[in-house]
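Residues in the sequence shown are numbered consecutively from 3, following our numbering.
First comes the structure, then the notes that go with it.
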Amino acid sequence: MRTNIDIDDELMSVALRLTGLKTKKETVELALKTLISLKQQERIKKFRGKLKWEGNLDDMRLSN
């Protein structure tokens with residue numbers, strides 16, 4: 003998908019320098035992938051302490 007966006011030059015410069023990536027496209031794609039991953043982790047963390055565990059980890063480990 004082709005999209006035109008206005009990105010702060012300083013932010014882009016810092017991102018390029020820190021990541022070592024060569025292009026703005028690579029940098030934006032990495033940023034989007036990172037954002038998606040972080041948001042998915044946030045959603046998963048909301049389940050902490052709310053799911054009931056059934057099973058025996060020792061048995062599961064030995065069954066392989």
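Where is the CB? At the ideal position from N, CA and C, for every residue including glycine.
Subject >> Inter-residue spacing [alpha-carbon to alpha-carbon] between residue 39 and residue 31 >> reply: Here residue 39 is taken as the residue at index 37 of the sequence shown, counted from 1. Here residue 31 is taken as the residue at index 29 of the sequence shown, counted from 1. Roughly 12 Å between the two C-alpha positions.
Original post:
Once you ignore the five residues that flank residue 50 on each side, which residues in its own chain have a CB closer than 6 Å to its CB?
Top reply: One-based indexing of the sequence shown puts residue 50 at position 48. Taken in chain order, the list of residues that qualify is empty.
Original post:
Comparing alpha-carbon positions, which option in 14, 27, 22 and 15 lies nearest residue 4?
Top reply: On the sequence shown, residue 4 is found 2 positions in, with the first residue counted as 1. If we check each option's Cα against that of residue 4, 27 comes out closest.
Original post:
With burial defined as no fewer than 16 other Cβ atoms inside 10 Å of the residue's Cβ, what is the status of residue 29: buried or exposed?
Top reply: Translated into positions along the sequence shown, residue 29 becomes position 27. Classification for residue 29: buried.
**OP:** Name the two residues that bound the continuous alpha helix (DSSP H) containing residue 45.
**Re:** As a first step, residue 45 is located in the sequence shown; it is residue number 43 there, counting from the start. 26-47 is the extent of the alpha helix (DSSP H) around residue 45.
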